[in-house]
Amino acid sequence: MFLAFYLALAVWGAALAAAPAAAQQSAPVVTIDGLGKGLVHLDQRWQFHIGDDLRWAQPAIDDAAGQGGWETILPDRAWGAQAHYAYTGFAWYRIHLHIVPAPGLSPALRLVLPGVADVCEVYWNGVLIGSNGVMPPHSSWPSVDAPVDFALTGSTIGTLAVRVWKSPLGSSSSGEVGGLLQAPIVGDQESVADYIDSWNYEFLKGTFPTDALDILYFLVGIAGILLWSRHRGERLLLWFAIFAICPAIWTSVYTMRIPVSSRFSDFIVQPLWQLRNVALWFLLIDMLNLRGRRGLIRWARILAVVSLSAALLDACLSYIPAAWLAPSTGAWIDAALTVIIEPCDLYLLVVAAFGFRQKLDSVRWVLAVSACLSQLVAVTAAAAQQGQRFTHWTFTQRLDSPLFHIGAVPFTIQSVLDLLLFFSILYATYRYLRDQQTRKAVLERELRSARELQEALIPEKPPLLPGFTISTAYHPALEVGGDFFQVIPLEGESAGSVLIVLGDVSGKGIRAAMAVSLIVGAVRTLAEATSSPAQILAGLSRRLCGRLQGGFATCLAMRLSPDGSCTVSTAGHPAPYLNDREIALPGALPLGIDPATVYDEIAFRILPGDRCTLYTDGLLEARAVSGEIFSFDRLQALFATSIDAAAASAAAIDFGQEDDITVLTLTRTALA
64 MFLAFYLALA VWGAALAAAP AAAQQSAPVV TIDGLGKGLV HLDQRWQFHI
114 GDDLRWAQPA IDDAAGQGGW ETILPDRAWG AQAHYAYTGF AWYRIHLHIV
164 PAPGLSPALR LVLPGVADVC EVYWNGVLIG SNGVMPPHSS WPSVDAPVDF
214 ALTGSTIGTL AVRVWKSPLG SSSSGEVGGL LQAPIVGDQE SVADYIDSWN
264 YEFLKGTFPT DALDILYFLV GIAGILLWSR HRGERLLLWF AIFAICPAIW
314 TSVYTMRIPV SSRFSDFIVQ PLWQLRNVAL WFLLIDMLNL RGRRGLIRWA
364 RILAVVSLSA ALLDACLSYI PAAWLAPSTG AWIDAALTVI IEPCDLYLLV
414 VAAFGFRQKL DSVRWVLAVS ACLSQLVAVT AAAAQQGQRF THWTFTQRLD
464 SPLFHIGAVP FTIQSVLDLL LFFSILYATY RYLRDQQTRK AVLERELRSA
514 RELQEALIPE KPPLLPGFTI STAYHPALEV GGDFFQVIPL EGESAGSVLI
564 VLGDVSGKGI RAAMAVSLIV GAVRTLAEAT SSPAQILAGL SRRLCGRLQG
614 GFATCLAMRL SPDGSCTVST AGHPAPYLND REIALPGALP LGIDPATVYD
664 EIAFRILPGD RCTLYTDGLL EARAVSGEIF SFDRLQALFA TSIDAAAASA
714 AAIDFGQEDD ITVLTLTRTA LA
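Dropping the structure here:
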């Protein structure tokens with residue numbers, strides 16, 4: 064009997080000794096007693112396990128600390144800050160809850176995850192009740208880390224399990240990341256809705272200045288595109304529009320919470336960021352009057368292609384499946400591409416250095432200095448971020464820390480410099496456009512003066528020639544043209560006859576118009592000394608040689624008598640038409656090429672009823688929208704209809720004028 068008593072006592076003692084051990088091995092249960100209308104933060108230590116096993120969602124498994132790899136962890140900070148530095152991949156959080164709702168409160172409770180990186184699934188008593196993002200292999204997650212809520216349906220007693228996946232780290236990622244970032248919250252439906260509404264309000268209030276600046280960026284960028292579409296020659300407007308629109312696009316993904324995945328936002332941010340930097344290079348080149356630096360522009364184009372290609376490849380890394388690359392491989396590729404991109408960004412300093420060599424006004428000095436400082440800080444921050452999870456540098460955090468606050472809005476070094484750069488570019492662009500408008504107005508006045516001078520040189524009404532009807536038409540392609548004609552009554556032995564000179568200076572615009580003035584003056588001087596068309600052309604060629612800046616002029620000279628006899632000489636000009644037949648003329652060099660050129664003459668007669676037409680090649684080379692030119696066939700058919708100069712030129716203009724057009728017709732009406 065005593066033996067049985069001692070055995071029972073031993074068993075009872077062993078049970079008492081084992082009871083504390085069993086209590087230590089089982090995970091604790093968090094009791095929330097009397098949960099009413101309100102929120103409870105689950106900031107107790109949670110059970111935690113790295114790796115992945117869907118059985119860990121079941122409530123019956125043993126998740127006590129020290130059992131099967133389970134440990135405890137705080138839910139209000141990333142696992143990278145709690146003994147799992149730089150860990151990526153799957154991990155599980157578990158907590159056992161016993162929720163006792165307050166009397167009269169509906170048991171419809173909700174769980175809020177204020178922050179999680181990157182993808183998660185939530186299980187309540189082994190049943191999946193929701194997710195945030197998409198798990199691998201085709202993983203994606205929202206670009207904005209906003210709170211997400213889930214319904215705790217069924218029993219108020221059970222096990223809450225959160226399955227989390229963290230994407231591989233990039234070369235600039237800190238190792239203190241992953242998992243739950245803030246303690247989860249439990250509450251009734253109304254309180255949870257109020258919490259999320261309050262979070263959204265605070266988010267919008269905090270990002271309001273950024274949103275407002277982005278809207279300003281966007282509006283200014285659209286205005287730049289509209290102005291550039293009207294003035295395609297002003298490339299500065301295009302670069303400014305790209306510079307302004309790029310940040311408005313990428314920040315709208317974050318601050319305006321456009322519902323796109325983080326992968327897509329990462330994909331568009333890097334190329335847009337680099338495109339903005341490249342646009343700033345070319346914007347400064349235009350703003351600092353460096354267009355003449357061909358080497359500078361050539362290197363800008365080369366580095367633009369290199370940096371944009373590297374940025375695009377860097378963006379594509381986010382779409383490479385995690386299973387294809389080792390966790391460190393993607394980081395090393397990212398670092399290698401960054402080593403290519405960041406030195407290219409420093410090319411802006413080279414552009415600014417060339418600008419500093421010139422005499423800059425105060426506006427452009429501020430622009431160049433703010434651009435350099437903004438780029439230097441951005442490149443320094445990007446370089447400091449590289450490998451920070453290996454070096455534990457804190458320099459990036461210092462750069463990102465606020466310098467001051469205006470209300471609730473923080474301002475960092477980068478944001479202040481970016482604001483200074485934006486407004487300096489905006490004001491410099493305004494000054495540039497205002498100066499361009501002023502110069503354009505001056506140029507337009509000069510063009511009007513040149514047009515008035517040219518109209519004075521071109522005879523408005525040709526002199527009368529007995530027995531002939533003369534019609535003329537002159538249509539420059541621009542404000543002033545390079546075509547010319549003169550009808551000069553002759554004196555002396557050739558009295559009663561007229562000298563007709565018609566030609567075309569190579570090129571258009573002011574330079575051609577100045578050459579026309581020189582030619583017209585020389586023609587009138589030569590006509591006082593001789594009436595020979597060949598001698599007049601030879602004299603013109605001697606006077607023009609070396610004075611046309613490498614250009615030339617074609618010309619045709621004709622002496623016409625009242626009896627219809629004509630003497631013609633050409634200097635490379637299209638031959639005239641007699642009715643619908645082209646008059647055969649010997650070939651000759653244009654004016655201004657060889658001062659020793661001797662020109663030939665031929666003679667023919669215009670009979671009563673005949674029409675002789677002289678023209679410049681602008682009539683022949685009129686081009687339709689389809690690209691088809693007017694051609695000799697149309698020209699011959701046109702002249703066969705016996706139309707005057709105005710009708711002939713109108714036909715070519717309607718077809719599609721590209722060059723100056725001049726037409727002169729001589730119609731024999733009767734015997735002199």
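So in my numbering, the last one in the sequence shown is 735, and the numbering has no gaps at all.
Note that the Cβ used here is the ideal one computed from N, Cα and C, for glycine as well.
task: Compute the Euclidean distance between the alpha carbons of Tyr258 and Ala146, then round it to the nearest angstrom.
output: 31 Å
query: When DSSP labels each residue in this structure, what does Cys608 get in the three-state scheme?
result: coil
Secondary structure of Phe693, DSSP reduced to three states: coil
field: 6 Å Cβ shell around Glu645 - same chain, five flanking residues per side excluded
entry: Ala638
message: Suppose contacts are defined by Cβ-Cβ distances below 8 Å. Is Gly681 in contact with Asp723 by that definition?
response: yes
- request: On a CA-only basis, which of Thr401, Leu375, Ala127 is nearest Thr738? Give me that one, please.
  value: As shown, the chain starts at 64 and ends at 735. That puts residue 738 outside it, with no answer to give.
task: Run the CB neighbour count on Ser292, radius 10 Å, all protein chains shown included, and call it buried at 16 or more, exposed below.
output: exposed
message: Can you tell me whether Gln110 is helix, strand or coil according to DSSP?
response: strand
Phe718, DSSP secondary structure in three states: helix
- prompt: Do Val550 and Pro596 have their C-beta atoms closer together than 8 Å?
  reply: Not closer than 8 Å, so no.
task: Go ahead and label Ala700 buried or exposed: buried means 16 or more other beta carbons lie within 10 angstroms of its beta carbon, across all protein chains shown.
output: exposed
Start and end residues, beta strand (DSSP E) containing Val543: No beta strand (DSSP E) contains Val543, which DSSP labels as neither H nor E.
query: Exposed or buried, which one is His201 when buried takes at least 16 other CB atoms within 10 Å?
result: exposed
query: Would you report the Cα separation of Asp274 and Gln438, rounded to the nearest angstrom?
result: 22 Å
task: Reducing DSSP to helix, strand and coil, say where Ile136 ends up.
output: strand
- prompt: Which residue from Arg610, Met621, Arg508, Val583 puts its Cα closest to that of Ile563?
  reply: Met621
- prompt: In chain order, what residues of the same chain lie with their CB nearer than 8 Å to the CB of Gly566, ignoring the 5 residues before and after it?
  reply: Asp546, Phe547, Phe548, Ile582, Ala616, Thr617, Cys618, Leu619, Ala634, His636, Leu654, Thr679
message: Using 8 Å as the threshold, is the C-beta distance between Arg118 and Ile136 below it?
response: The Cβ atoms of Arg118 and Ile136 lie no closer than 8 Å to each other.
- request: Determine the closest residue to Phe330 out of Leu375, Val175, Met350, with distance taken between C-alpha atoms.
  value: Leu375
task: Give the DSSP-derived three-state secondary structure of Glu509 in the structure shown.
output: In the three-state DSSP reduction, Glu509 falls in the helix class (H, G or I).
task: Output the distance between the C-alpha atoms of Arg697 and Ala666, rounded to the nearest integer angstrom.
output: C-alpha separation (whole angstroms): 27 Å.
- request: Look up Thr730 in the DSSP assignment and give the residues it is bridged to.
  value: Thr532, Arg674
message: Contact criterion: CB-CB distance below 8 Å. Does Ser425 meet it with respect to chain C?
response: Absent from the structure is chain C; it holds one protein chain and no more.
- request: Pull up the distance between the alpha-carbon of Asp434 and that of Leu484, whole angstroms please.
  value: According to the sequence as given, residue 434 is Ala; it is not Asp. Rounded to the nearest angstrom, the two C-alpha atoms are 6 Å apart.
Paired residues, beta bridge with Lys229 - DSSP: Gly152
Cβ shell of Ala128 (< 6 Å), same chain only, five flanking positions each side left out: Answer for Ala128: Glu134, Thr135, listed in chain order.
task: Sort Ala590, Trp428, Ala708 by Cα distance to Ile533 and report the nearest one.
output: Ala708
- request: Please confirm whether Arg441 and Gln477 have their CB atoms less than 8 Å apart.
  value: A quick correction: the sequence has Ala, not Arg, at residue 441. The answer is yes: Cβ separation under 8 Å.
query: In chain order, what residues of the same chain lie with their CB nearer than 6 Å to the CB of Pro539, ignoring the 5 residues before and after it?
result: Asp723
query: For Lys422, does the count of other Cβ atoms within 10 angstroms reach 16, so buried, or fall short, so exposed?
result: exposed
- prompt: Looking only at C-alpha atoms, which of Ser236, Ser218, Gly355, Val211 sits nearest to Gln245?
  reply: Per the C-alpha coordinates, the member of Ser236, Ser218, Gly355, Val211 positioned closest to Gln245 is Val211.
message: Taking only three categories from DSSP, how would you classify Ala447?
response: helix
- request: State the Cα-Cα distance for the pair Ala85 and Leu172, rounded to the nearest angstrom.
  value: Annotation note: pLDDT 36 at Ala85 (below 50); position unreliable, coordinate value reported separately. If you take the alpha carbons of Ala85 and Leu172, they lie about 32 Å apart.
- request: Alpha carbon to alpha carbon, how far is Val175 from Leu70? Give it in angstroms, no decimals.
  value: Low confidence applies to Leu70: its pLDDT is 42, below 50, so where it sits in the model is not reliable, and the reading given next is rough at best. For Leu70 and Val175, the distance between alpha carbons rounds to 54 Å.
query: When the Cα of Gly152 is compared with those of Lys229, Asn352, Leu359, which residue comes out closest?
result: Lys229
Cβ neighbours of Ala82 in the same chain (closer than 7 Å, five flanking residues each side left out): In this prediction, Ala82 scores a pLDDT of 37, lower than 50, which makes its location untrustworthy; the coordinate-derived value is nonetheless stated afterwards. Nothing listed; no residue qualifies.
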